[in-house]
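Structure, as structure tokens:
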Amino acid sequence: HADGGEIHQRNGATWVYTPSEGGDALIAFPELDPAHASEQLDDIIAYYRQRQPLKDVIFWSTEPPRPTDIEAMLIARGFEWTWQPHWMELDMRNLRFPSTVPKGLRIEVMENAPLWNVTDLPYYNRNVVQRRRARKSARIPYVWHIAASLDGQLVGHAILHLTTGELGVAGIFDVGVVPEARNKGVGKAITFSACSLARKMGCHHAILNSTPAGEPVYKRLGFGSLGAGHVWQLQAKTLAAPPASSWQVACAEAVGRGNIVELERIAQTASPTAFNECLPSGISFLQIAVSLRQRASAEWLVAHGASLNTISPWDPAWHERARELLTTAPEQATKRIGSALSKPLYSTSHQSDAALANLLLAAYPDLALSDSQFHTTALGWAYKYQHSEIIAMLEQHTRKNR
Numbered sequence: 225h226a227d228g229g230e231i232h233q234r235n236g237a238t239w240v241y242t243p244s245e246g247g248d249a250l251i252a253f254p255e256l257d258p259a260h261a262s263e264q265l266d267d268i269i270a271y272y273r274q275r276q277p278l279k280d281v282i283f284w285s286t287e288p289p290r291p292t293d294i295e296a297m298l299i300a301r302g303f304e305w306t307w308q309p310h311w312m313e314l315d316m317r318n319l320r321f322p323s324t325v326p327k328g329l330r331i332e333v334m335e336n337a338p339l340w341n342v343t344d345l346p347y348y349n350r351n352v353v354q355r356r357r358a359r360k361s362a363r364i365p366y367v368w369h370i371a372a373s374l375d376g377q378l379v380g381h382a383i384l385h386l387t388t389g390e391l392g393v394a395g396i397f398d399v400g401v402v403p404e405a406r407n408k409g410v411g412k413a414i415t416f417s418a419c420s421l422a423r424k425m426g427c428h429h430a431i432l433n434s435t436p437a438g439e440p441v442y443k444r445l446g447f448g449s450l451g452a453g454h455v456w457q458l459q460a461k462t463l464a465a466p467p468a469s470s471w472q473v474a475c476a477e478a479v480g481r482g483n484i485v486e487l488e489r490i491a492q493t494a495s496p497t498a499f500n501e502c503l504p505s506g507i508s509f510l511q512i513a514v515s516l517r518q519r520a521s522a523e524w525l526v527a528h529g530a531s532l533n534t535i536s537p538w539d540p541a542w543h544e545r546a547r548e549l550l551t552t553a554p555e556q557a558t559k560r561i562g563s564a565l566s567k568p569l570y571s572t573s574h575q576s577d578a579a580l581a582n583l584l585l586a587a588y589p590d591l592a593l594s595d596s597q598f599h600t601t602a603l604g605w606a607y608k609y610q611h612s613e614i615i616a617m618l619e620q621h622t623r624k625n626r
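Heads up, the sequence shown is in this note's numbering, so the first residue is 225 and it goes up one at a time.
The following block contains the structure:
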């Protein structure tokens, strides 16, 4: 690899590491043997702990994942669920011209454009762009960085990757638009230009993964669905910390699977406070039960000493417990939890729990606070997960309390 990267494949898993800035540390769509999946994950994570610099490790999975209980194994080792990609495909014969394009929008290959200093364009890094230009001059170009500008200012971009031969496919990545230029047709125009360039190069199909907000845009261009997946992240700071003990991993996996028989066995050697402790990633066993919707595990943990917090009562039957907790301790509404330092209101968007969001808002939390993972507010999280009811609640609460 030109950047000194490594690609490994073994027993149904592919994992990649690229040391340069902007490089990857990812596990790509594994199909692991259920009997050995835990051990194989441990081996792969140990590999990443030995690489320098440490990077966030991204785990890409199909839906359903293989094995189906991989989520319990991942969260036990410090991974956090981030989002659900929707893969889409275009037959180039069906590519449609955008119905609207902003007047004066200029689209060009980034290698021919200025090096802009932009801070609010998703997926854009000036230093990475500069290095990509230097590398590209020395080899056949199969990667293009496409830029869109208005009035001399960069407003959007995308990365186009091409494979060659009769089965050549265009992969479109990192489509991003600055906030003030969104909902004006910029993203659609960039994607159309990337597809047009790929078609000229002989590609018959294009693929991408979409957020919920991007799906209608891509459908209007002719894209159709290939299915959904999941993306998990192991943060570099969690990777740098001492790993969870074998007892913690076994307990977390049992909680995530809803395996009460195994939890009863584990409890025989546990200390009185063991089930109220957190893993090195900052997540508690009860939060694992909440995240993976394992009510039986959650009830078992509470019965064995685990403390409730305002993220815990995801089940409507538990909302009264949240109300009681907020009445006696309103600061729980903004308590930061986990390695991402997320707050309860963020989790309501992730969990699609508008009722719990309403309970939390009654405690008048500070909605200007941001998390350390996505560096955005509770409203930003609601937009990320496209939860319209929670968006409306947060916006109304903000207006009332200005």
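We put the beta carbon where it would ideally sit given N, CA and C, even for glycine.
Assign Arg317 to one of two classes, buried (16 or more other C-beta atoms within 10 Å of its C-beta) or exposed (fewer than that). When all chains shown are included, Arg317 counts as exposed.
Return the Cβ separation of Ala581 and Ile615 in integer angstroms, given the expectation that the two are a contact with Cβ distance under 8 Å. Cβ atoms of Ala581 and Ile615 stay farther apart than 8 Å, at about 10 Å.
So for Asn582, helix, strand or coil by DSSP? Assigned with DSSP and collapsed to three states, Asn582 falls in helix.
For the putative contact between Phe499 and Gly529, defined by C-beta atoms under 8 Å, what is the C-beta separation to the nearest angstrom? Their Cβ separation, rounded to whole angstroms, is 5 Å, which keeps Phe499 and Gly529 in contact under 8 Å.
Leaving out the 5 sequence neighbours to the left and right, which residues in its chain are closer than 7 Å to Asn341 when beta-carbon positions are compared? Same-chain partners within the cutoff: Arg350.
For Gly389: DSSP bridge partner residues: By DSSP's assignment, Gly389 forms no beta bridge with any residue.
Measuring alpha carbon to alpha carbon, tell me which of His429, Ser420, Ser521 ends up nearest Ala394. Among His429, Ser420, Ser521, the Cα nearest to that of Ala394 belongs to His429.
Here's the rule: buried if 16 or more other CB atoms are within 10 angstroms of the residue's CB, otherwise exposed. What is Gly426? It is exposed - the Cβ of Gly426 has fewer than 16 other Cβ atoms within 10 Å.
Express the C-alpha separation of His232 and Gly400 in angstroms, rounding to a whole number. Gly400 and His232 have their alpha carbons spaced roughly 30 Å apart.
Are the Cβ atoms of Ala413 and Leu386 separated by less than 9 Å? No.
Pick out whichever of Leu256, Pro436, His310 has its Cα sitting closest to the Cα of Gly453. Distances from the CA of Gly453 to each of Leu256, Pro436, His310 were compared; the closest alpha carbon is that of His310.
Considering only the beta carbon of each residue, do Arg301 and Leu265 sit closer than 9 Å? With contacts defined as CB atoms closer than 9 Å, Arg301 and Leu265 qualify as a contacting pair.
Can you give, in chain order, each stretch of the beta strand (DSSP E) that sits fully within the region 382 to 461 and has at least 3 residues? Within the region 382 to 461, the runs of beta strand (DSSP E) that reach at least 3 residues and sit entirely inside it are, in chain order, 393 to 401, 429 to 434, 448 to 458.
Sequence ranges, beta strand (DSSP E) only - wholly within the region 236 to 274, length at least 3: Runs found: 237 to 241, 249 to 252.
Give me the DSSP bridge partner(s) of Thr286. For Thr286, which the question treats as bridged, DSSP gives the partners Gly453.
On a CA-only basis, which of Val379, Leu618, Phe283 is nearest Leu591? Give me that one, please. Ranking Val379, Leu618, Phe283 by Cα distance to Leu591 puts Leu618 first.
Taking Arg234 as the reference, which of Ala476, Ile268, Thr497, Asn433 has the closest Cα? Residue Ile268 is the option with its Cα nearest to Arg234.
Measure the C-alpha to C-alpha separation of Gly482 and Ser417 and round it to an integer number of angstroms. Spanning the two alpha carbons is a distance of roughly 48 Å.
According to DSSP, is Gln308 part of a helix, a strand, or is it coil? Looking at Gln308 - three-state DSSP - the assignment turns out to be coil, as it is neither helix nor strand.
Same chain, Cβ closer than 6 Å to Pro254, five either side skipped, listed in chain order: Closer than 6 Å at Cβ, skipping near neighbours: Gly236, Ala237.
Do Leu432 and Ile396 have their beta-carbon atoms positioned less than 9 Å apart in this structure? Yes.
Residues of its chain near Ala606, where Cβ-Cβ distance is below 7 Å and the 5 sequence neighbours each way are ignored: So the list reads Ser573, Ile614, Ile615, Leu618, once near-sequence residues are dropped.
Does Val342 come out as helix, strand or coil in the three-state DSSP assignment? Coil at Val342, not helix or strand.
My assumption, with CB atoms under 8 Å, is that Gly411 sits in contact with Val441. Please give the rounded CB distance. About 6 Å separates the two Cβ atoms, so the contact holds.
What number of angstroms, rounded off, separates the C-alpha of Gly409 from the C-alpha of Ile484? Going by the C-alpha atoms only, they are around 52 Å apart.
Tell me which residues share the same chain as Phe447 and place their Cβ nearer than 6 Å to its Cβ, disregarding the 5 neighbours each side in the sequence. So the qualifying residues of the chain are Met312, Leu314.
Residue interval of the beta strand (DSSP E) (run including Gln233): Per DSSP, Gln233 belongs to the beta strand (DSSP E) from 230 to 234.
Cβ shell of Ala513 (< 7 Å), same chain only, five flanking positions each side left out: Val479, Ser521, Ala522, Leu525, listed in sequence order.
Note down the Cα distance separating Trp456 from Thr462, rounded to an integer number of angstroms. Take the alpha-carbon of Trp456 and the one of Thr462: they are about 13 Å apart.
Measure from the alpha carbon of Ala474 to the alpha carbon of each residue in Cys419, Glu263, Ile383, then state which is nearest. Nearest Cα to Ala474 within the set Cys419, Glu263, Ile383: Glu263.
Distance, Gln308 Cα to Glu295 Cα: Taking the straight line joining both Cα atoms gives about 13 Å.
Taking 8 Å as the line, does the beta carbon of Gln264 fall inside it for any heavy atom of the ligand NAP? Judged by which ligands are present, the structure shown has none, so any question about the ligand NAP falls away.
Between the Cα of Pro289 and those of Thr343, Tyr271, Ile251, Leu319, spot the shortest distance and give me the residue it belongs to. That would be Ile251, whose Cα lies nearest to the Cα of Pro289.
Could you give the DSSP three-state label for Val281: helix, strand or coil? In the structure shown, Val281 sits in a strand (DSSP, three-state: E or B).
Extent of the continuous beta strand (DSSP E) to which Ser612 belongs: Counting along the chain, no beta strand (DSSP E) covers Ser612; the unbroken alpha helix (DSSP H) around it starts and ends at 612 to 624.
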